[in-house]
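Student: Pasting in a structure now, in structure tokens, and then I'll have a few things to ask.
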Amino acid sequence: MSHSKLASIFNKDEKKVDWHDKALWFVRHKRDLSVHQVKGWESLRDLGHGIKAHMLSNLDSYLQEFEKNAQANGVEVHWAANGEEHNQIVHKILKENNAKKIVKSKSMLTEECHLNPYLEADGMEVIDTDLGERIVQLAKEPPSHIVLPAIHKNKHEVDELFQEHLGTEPCDGDPQYLTHEARKHLREKFITADAAITGVNFAIAETGGFVVCTNEGNADMGAHLAPVHIACMGVEKIIPKQEHLGVFLRLLARSATGQPITTYSSHFRKPKDGRKMHIVIVDNGRSEQLSRPDFRASLHCIRCGACMNTCPIYRRSGGHSYDATIPGPIGSILSPGKDLTKHSSLPFASTLCGSCSNVCPVKIDIHSQLYKWRQIITKETPQPFVKKASMKMMGTMFSKPSQFERVGKLARWSLRTLPKSVINAKPNTWGKERDLPKGPKQSFDEWYAEKRKQE
Amino acid sequence: MGSREKILGQIKANKPESLELPAIDLGLFDEGLDLLQEFTKKVEVVGGNVIQIASENEVQAKMTELFPDAKVKYSTLDETEAFNTLSIEAIQKPHDLEDLDILILKSDIAVAENGAVWLDDSKIPMRVLPFITKHLVFVLEEKSILGYMHEAYANIDDFGFGVFISGPSKTADIEQSLVIGAHGALSLTVFVKK
Amino acid sequence: MKVGLFIPCYINQLYPQVGIATVEVLEKLNVEIVYPTGQTCCGQPMANSGYENESVGACNNFVQNFKEFDYIVTPSGSCAYHVKKHYNILEQTPEVVKVRDNVYELCDFIVNVLKIKDLGASFPAKVGVHKSCHGLRGLRLGSCSEVVGPYFSSIDDLLKEVKGVELMELKRKDECCGFGGTFAVTEEAVSVKMGKDKIQDHLDSGVEVITATDTSCLMHLEGLVNRNKQPLKILHVAEILNSQL
Chain A
0 MSHSKLASIF
10 NKDEKKVDWH
20 DKALWFVRHK
30 RDLSVHQVKG
40 WESLRDLGHG
50 IKAHMLSNLD
60 SYLQEFEKNA
70 QANGVEVHWA
80 ANGEEHNQIV
90 HKILKENNAK
100 KIVKSKSMLT
110 EECHLNPYLE
120 ADGMEVIDTD
130 LGERIVQLAK
140 EPPSHIVLPA
150 IHKNKHEVDE
160 LFQEHLGTEP
170 CDGDPQYLTH
180 EARKHLREKF
190 ITADAAITGV
200 NFAIAETGGF
210 VVCTNEGNAD
220 MGAHLAPVHI
230 ACMGVEKIIP
240 KQEHLGVFLR
250 LLARSATGQP
260 ITTYSSHFRK
270 PKDGRKMHIV
280 IVDNGRSEQL
290 SRPDFRASLH
300 CIRCGACMNT
310 CPIYRRSGGH
320 SYDATIPGPI
330 GSILSPGKDL
340 TKHSSLPFAS
350 TLCGSCSNVC
360 PVKIDIHSQL
370 YKWRQIITKE
380 TPQPFVKKAS
390 MKMMGTMFSK
400 PSQFERVGKL
410 ARWSLRTLPK
420 SVINAKPNTW
430 GKERDLPKGP
440 KQSFDEWYAE
450 KRKQE
Chain B
0 MGSREKILGQ
10 IKANKPESLE
20 LPAIDLGLFD
30 EGLDLLQEFT
40 KKVEVVGGNV
50 IQIASENEVQ
60 AKMTELFPDA
70 KVKYSTLDET
80 EAFNTLSIEA
90 IQKPHDLEDL
100 DILILKSDIA
110 VAENGAVWLD
120 DSKIPMRVLP
130 FITKHLVFVL
140 EEKSILGYMH
150 EAYANIDDFG
160 FGVFISGPSK
170 TADIEQSLVI
180 GAHGALSLTV
190 FVKK
Chain C
0 MKVGLFIPCY
10 INQLYPQVGI
20 ATVEVLEKLN
30 VEIVYPTGQT
40 CCGQPMANSG
50 YENESVGACN
60 NFVQNFKEFD
70 YIVTPSGSCA
80 YHVKKHYNIL
90 EQTPEVVKVR
100 DNVYELCDFI
110 VNVLKIKDLG
120 ASFPAKVGVH
130 KSCHGLRGLR
140 LGSCSEVVGP
150 YFSSIDDLLK
160 EVKGVELMEL
170 KRKDECCGFG
180 GTFAVTEEAV
190 SVKMGKDKIQ
200 DHLDSGVEVI
210 TATDTSCLMH
220 LEGLVNRNKQ
230 PLKILHVAEI
240 LNSQL
């Protein structure tokens, strides 16, 4: 279903829309308060952009440098061309280690590859340990936001979900109680896990190490307790040097939630004696996106979610309306590169207001890329006949002033003369909830001609 | 051809011409912070608590006063044998640490702009400790507080595992209500020796 | 100084009073304006819908009509932005480059080219400014709430000098109104909701008159205000600047 259809379903419950909008605006507001305190914030964004652009232009060498250094650190490095291969690699590592119980911290990449169902099909238990992710996992839903996976659920829904799955007491949605019950439930899972899977926020070519950021401490609880740690990363997570972490860690949490830094920024380099650490480097369409000059900057993304929080359409349509692993503005420029037809409505789910580009900590020109995807989509995917024909007609009309004048006259006459019931009849979507302008007798052209005559 | 070669080949073919790596000019960011004051403010913002001390010897007493009911305690400070109720060497599995109430660790890098404290393998006897403990305590000297992350990284070199910790663990995944104590520590106290 | 006036297609046909106010404001400032009668549209409606190719005729017509002017002034941030940003689809002849360089939104022109702020207007009302996105974030006609930097705004500069105008502070200073061209129709549900929320913010802030640099946003808001019979007046900024109430 298209974004607009799913969004109109979401909008049937206006109270819920208001609630969702306010919850995310609150996060955007916290981001504003936080970044406006940082001296040189805009320079920091420029640096983030510049470092990522440089990285992409040398990505093959940085990946090899990273691999070499990671191996020297005692980490095993694997390469996956696509999601399927990624899942196979992870599965094989788990099998070799006889792992049946797996704890996973937040990783949008494993969502993108649909890792959980793949492992579950072989009887493995995969537990998402980020609280928000655990909530949506229990609800059998995908995350609706990359930083706040369960932002579409209110506390009463979580209360009911926990009663059903974790046997909690009814608590009128008390977040404190629910969080502590989740802590107990997941503590048990951490203690008994055979392997831990984490994502990667940044991988440093210079050191072969990688950084994982969380607020809950779930990545560390998993990775340090389980005998095997598998970290999955897209190729674009590379940064050249450790000093660049100084730039990105200053940008990430402030943009995401307004915190000055996440509670835990964990730097993994070498496994402890007797433990195993694996890194799976995944392409899955990224090298293809790199080939598109207009869209390659989308690979700068550090997954802060700021563009979602600020997007007036995301806030009022919910993450699930995007029907994509990464929703919101950044998802709308990434997803068409993967499946143009399936995601063809996403670049149109925007007014091109540009707020996303303004908050982006690595200065991705998101709204310009949305505009550019639109141009490609109308050429390469089937379009409704009416849309195509009317655009052609408008194009012709606006290139010929005399035609424009005739059509304008007719339109004004109709607006002035026809009864409202006709004007606002079904084919006029505008008129469903909005009045049309009245249709003045005289156009500006006509006024101007008259004025000239009088002068 | 394996996936490694395929991926690297495609990237090589598809990447743009090499772009310059921008240099980081620290002058752009410096606000002339009062480091201890800013650090204290930020630790409090992220849900922690800073206590100034004249000597490390004050830490144990303060902790006993703050957490009178704590049973399982471990500290890496000098002369804390009497305080410690467990021996790391005797731990068979990290899981045996489940009941740890208080963990006291030293650090020599902290960051004023975000209240973060750096720990690495040299400061943590077992990696899971600072995450599994109920109450986490850092002890550092005032001179260890740096202004910004840039300076912190300039002072960090070789390590196997390291972490910046800023405040106790937290989540706001249920309706954006902040709850302190997700999977990690329920509280965080930083002692700063003047 | 040769100044060409561009009146966007929908203003020409549906809101001529905005064009008229623009002419009168500029004439009061002794700007000699020429209104090329062969003009139609900047091409944005097609281009933003993904049919940039179909807009080429309109773009060429625009360039032909305005190539000889030192400045092109228009009461629309969005159209000015479109010419500046998206006329890269045309061959970059000296004429095209000149047109792109010299197109100005009305307030921007008055404040930054003419260097005038006080137009001697008077308009006693509590006014809420809707910061239209293309002018604000595209042309940077004012500081944006997301960006760290000093405050500025050409539309506020002018309104502050209008006798009787009380500028009201909104909760969300520069959130989009939800018009977005064909978005208003293809994403009707979200577009309407955005418009309603925007209007509510103005109402909650005690606004009596909503104004903006762009009639397109205002047409959308006016459509909602009229349908829902809300106590708000909608005027283009040129109409306020031309007012002697």
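Protein chains in written order, with numbering that gives the first Met the number 0: chain A, 0 to 454; chain B, 0 to 193; chain C, 0 to 244.
Backbone N, C-alpha and C fix where the C-beta goes; we use that ideal spot for every residue, glycine too.
In three-state terms, what does DSSP make of C:Tyr70?
Tutor: Taking the first residue of the third sequence as 1, we reach residue 70 of chain C at position 71. In this structure, C:Tyr70 counts as strand in the three-state DSSP scheme.
Student: So A:Glu111 contacts chain C; which residues on that side make the cut at Cβ distance below 7 Å?
Tutor: The residue you call residue 111 of chain A lines up with position 112 of the first sequence. Under the 7 Å cutoff, chain C gives no residues; its nearest Cβ is about 26 Å from A:Glu111.
Student: Using the C-alpha atoms, what's the distance from B:Leu139 back to A:Phe9?
Tutor: Reading the first sequence from its first residue, position 10 is the one you call residue 9 of chain A. Reading the second sequence from its first residue, position 140 is the one you call residue 139 of chain B. Each residue's alpha carbon lies about 51 Å from the other.
Student: Inspect the beta-carbon positions of B:Phe160 and B:Trp117 and report whether they are closer than 8 Å.
Tutor: Position 161 of the second sequence, counting from 1, holds the residue named residue 160 of chain B. Position 118 of the second sequence, counting from 1, holds the residue named residue 117 of chain B. Cβ distance not < 8 Å, so B:Phe160 and B:Trp117 don't count as in contact.
Student: Consider the Cβ of A:Pro436: report whether some Cβ of chain C lies at a distance smaller than 8 Å.
Tutor: Taking the first sequence and counting its residues from 1, one reaches residue 436 of chain A at position 437. So yes, A:Pro436 belongs to the interface.
Student: Looking at B:Leu135: is its Cβ nearer than 8 Å to the Cβ of B:Leu187?
Tutor: Taking the second sequence and counting its residues from 1, one reaches residue 135 of chain B at position 136. Taking the second sequence and counting its residues from 1, one reaches residue 187 of chain B at position 188. Cβ distance < 8 Å, so B:Leu135 and B:Leu187 count as in contact.
Student: Buried or exposed for A:His155, going by 16 or more other Cβ atoms inside 10 Å?
Tutor: Against the first sequence, residue 155 of chain A aligns to sequence position 156. By the 10 Å Cβ count, A:His155 comes out exposed.
Student: Assign A:Asp12 to buried or exposed, taking buried as 16 or more other Cβ atoms, counted over all protein chains shown, within 10 Å of its Cβ.
Tutor: In the first sequence, the residue the question calls residue 12 of chain A occupies position 13. Exposed.
Student: Between C:Asn241 and C:Glu23, how many whole angstroms is the CB-CB distance? I'm expecting something under 8 Å.
Tutor: For the purposes of this step, residue 241 of chain C is taken as the residue at position 242 of the third sequence. For the purposes of this step, residue 23 of chain C is taken as the residue at position 24 of the third sequence. At roughly 5 Å, the Cβ-Cβ gap stays under 8 Å, so C:Asn241 and C:Glu23 are in contact.
Student: In the DSSP output, what is A:Thr197 paired with across the bridge?
Tutor: Mapped onto the first sequence, residue 197 of chain A falls at position 198. BP columns for A:Thr197 point to A:Ala230.
Student: DSSP beta-bridge partners for C:Ala124?
Tutor: Counting from 1 along the third sequence, the entry for residue 124 of chain C is found at position 125. For C:Ala124, which the question treats as bridged, DSSP gives the partners C:Val164.
Student: Quick check on this structure: which residue in A:Ser7, A:Leu46 and A:Ser343 has the alpha carbon closest to the alpha carbon of A:Leu250?
Tutor: The count along the first sequence starts at 1 and reaches residue 250 of chain A at position 251. Ranked by Cα distance from A:Leu250, the options A:Ser7, A:Leu46 and A:Ser343 are led by A:Leu46.
Student: Let me know the secondary structure DSSP gives B:Ser2 once reduced to three states.
Tutor: Numbered from 1 along the second sequence, position 3 holds the residue referred to as residue 2 of chain B. Three-state DSSP puts B:Ser2 in a helix.
Student: Okay, do the region 170-180 of chain A and the region 172-180 of chain B touch, 3+ Cβ pairs below 8 Å being the bar?
Tutor: yes
Student: Are the Cβ atoms of B:His76 and B:Val58 separated by less than 8 Å?
Tutor: Here the question's residue 76 of chain B lines up with position 77 in the second sequence. Here the question's residue 58 of chain B lines up with position 59 in the second sequence. The sequence given here has Leu at residue 76 of chain B, not His. Yes.
Student: Quick one: does A:Asp31 have its CB under 8 Å from some CB of chain C?
Tutor: Along the first sequence, read from residue 1 onward, the residue named residue 31 of chain A stands at position 32. Closer than 8 Å: yes.
Student: Against chain C, does A:Trp18 count as a neighbour if the rule is that its beta carbon must be under 8 Å from one of theirs?
Tutor: Taking the first residue of the first sequence as position 1, residue 18 of chain A is located at position 19. No - not a single Cβ of chain C is within 8 Å of the one on A:Trp18.
Student: For a contact defined as C-beta to C-beta under 9 Å, what are the partners of A:His223 on chain B?
Tutor: Stepping through the first sequence from its first residue, residue 223 of chain A is reached at position 224. Here the neighbours are Pro93, Met125, Arg126, Val127, Leu128, Phe130, Ile131 and Phe160.
Student: Please compile the residues from chain C whose C-beta is within a distance smaller than 7 Å of the C-beta of A:Met0.
Tutor: For this step, residue 0 of chain A is matched to residue 1 along the first sequence. Ordered by position in chain C, no residue passes the 7 Å Cβ test against A:Met0, which lies about 13 Å from the chain.
Student: List, in order along the chain, the chain B residues whose C-beta lies closer than 8 Å to that of A:His184?
Tutor: Here the question's residue 184 of chain A lines up with position 185 in the first sequence. None at all; the shortest Cβ gap to chain B is about 11 Å.
Student: Decide if C:Asn87 is buried, meaning its Cβ has at least 16 other Cβ atoms within 10 Å, or exposed.
Tutor: By 1-based counting over the third sequence, the position of residue 87 of chain C is 88. Under this definition C:Asn87 is an exposed residue.
Student: Rank A:Arg268, A:Leu409, A:Ser343 and A:Lys105 by C-alpha distance to the C-alpha of A:Pro381 and give the top, closest one.
Tutor: Against the first sequence, residue 381 of chain A aligns to sequence position 382. Looking at the Cα atoms, A:Ser343 is the closest of the given residues.
Student: Between C:His133 and C:Gly222, is the Cβ-Cβ spacing less than 8 Å?
Tutor: By 1-based counting over the third sequence, the position of residue 133 of chain C is 134. By 1-based counting over the third sequence, the position of residue 222 of chain C is 223. It is not a contact, given that the beta carbons lie outside the stated cut-off.
Student: On the DSSP bridge assignment, give the partners of B:Thr188 in chain order.
Tutor: Taking the first residue of the second sequence as position 1, residue 188 of chain B is located at position 189. Paired residues: B:Asn48 and B:Val136.
Student: Using a Cβ-Cβ cutoff of less than 7 Å, which residues in the same chain neighbour C:Pro80 once the five nearest sequence positions on both sides are dropped?
Tutor: Translated into the one-based positions of the third sequence, residue 80 of chain C becomes position 81. Reading off the sequence shown, one finds Tyr at residue 80 of chain C, where the question assumed Pro. The answer, listed in chain order, is His133, Gly134, Gly137 and Leu138.
Student: Please go through the same chain and pick out, in chain order, the residues whose beta-carbon is closer than 7 Å to the beta-carbon of A:Glu124, but skip the five residues on each side of it.
Tutor: Here the question's residue 124 of chain A lines up with position 125 in the first sequence. Lys99, Lys100 and Ile101.
Student: Applying a beta-carbon distance threshold of less than 8 Å, which residues of chain A neighbour C:Gly179?
Tutor: In the third sequence, the residue the question calls residue 179 of chain C occupies position 180. Those within 8 Å of C:Gly179 in chain A are Ser349, Thr350, Leu351 and Cys352.
Student: Would you identify the three-state DSSP class for C:Cys8, choosing helix, strand or coil?
Tutor: As a working note, residue 8 of chain C is residue 9 in the third sequence. Looking at C:Cys8 - three-state DSSP - the assignment turns out to be helix.
Student: Quick one: using the 10 Å Cβ neighbour count with 16 as the cut-off for buried, is C:Lys192 buried or exposed?
Tutor: Along the third sequence, one-based indexing puts residue 192 of chain C at 193. Under this definition C:Lys192 is a buried residue.
Student: Between B:Ser54 and B:Lys142, which are expected to be in contact by the criterion C-beta below 8 Å, what is the C-beta distance as a whole number of angstroms?
Tutor: As a first step, residue 54 of chain B is located in the second sequence; it is residue number 55 there, counting from the start. As a first step, residue 142 of chain B is located in the second sequence; it is residue number 143 there, counting from the start. Approximately 15 Å separates the beta-carbon atoms of B:Ser54 and B:Lys142; this is outside 8 Å, ruling out the contact.
Student: Which class does A:Met276 belong to by DSSP, given the choice of helix, strand or coil?
Tutor: Translated into positions along the first sequence, residue 276 of chain A becomes position 277. Three-state result, A:Met276: strand.
Student: If you pair each beta-carbon of the region 92-106 of chain C with each one of the region 425-437 of chain A, do three or more pairs fall below 8 Å?
Tutor: With the cut-off at 8 Å, the region 92-106 of chain C and the region 425-437 of chain A do not touch.
Student: Here's the rule I'm using: 16 or more other beta-carbon atoms within 10 Å means buried, otherwise exposed. How should B:Glu4 be labelled?
Tutor: Walking along the second sequence from the start, residue 4 of chain B turns up at place 5. Answer is exposed; the Cβ neighbour count stays below 16.
Student: CA-CA distance, C:Cys78 and C:Val110?
Tutor: Residue numbering aside, residue 78 of chain C sits at position 79 when the third sequence is read from its first letter. Residue numbering aside, residue 110 of chain C sits at position 111 when the third sequence is read from its first letter. Looking at the two C-alpha atoms, the distance is approximately 18 Å.
Student: Which whole-angstrom value is the C-beta distance of B:Ala151 and B:Ile108, which I expect to be below 8 Å?
Tutor: Here the question's residue 151 of chain B lines up with position 152 in the second sequence. Here the question's residue 108 of chain B lines up with position 109 in the second sequence. Contact between B:Ala151 and B:Ile108 holds: their C-beta atoms lie close to 5 Å from each other, under 8 Å.
Student: State the CB to CB distance for the pair C:Lys245 and C:Lys172, rounded to an integer number of angstroms; the pair is presumed to be in contact (CB under 8 Å).
Tutor: Any question about residue 245 of chain C goes unanswered here, given that chain C covers just 0 to 244.
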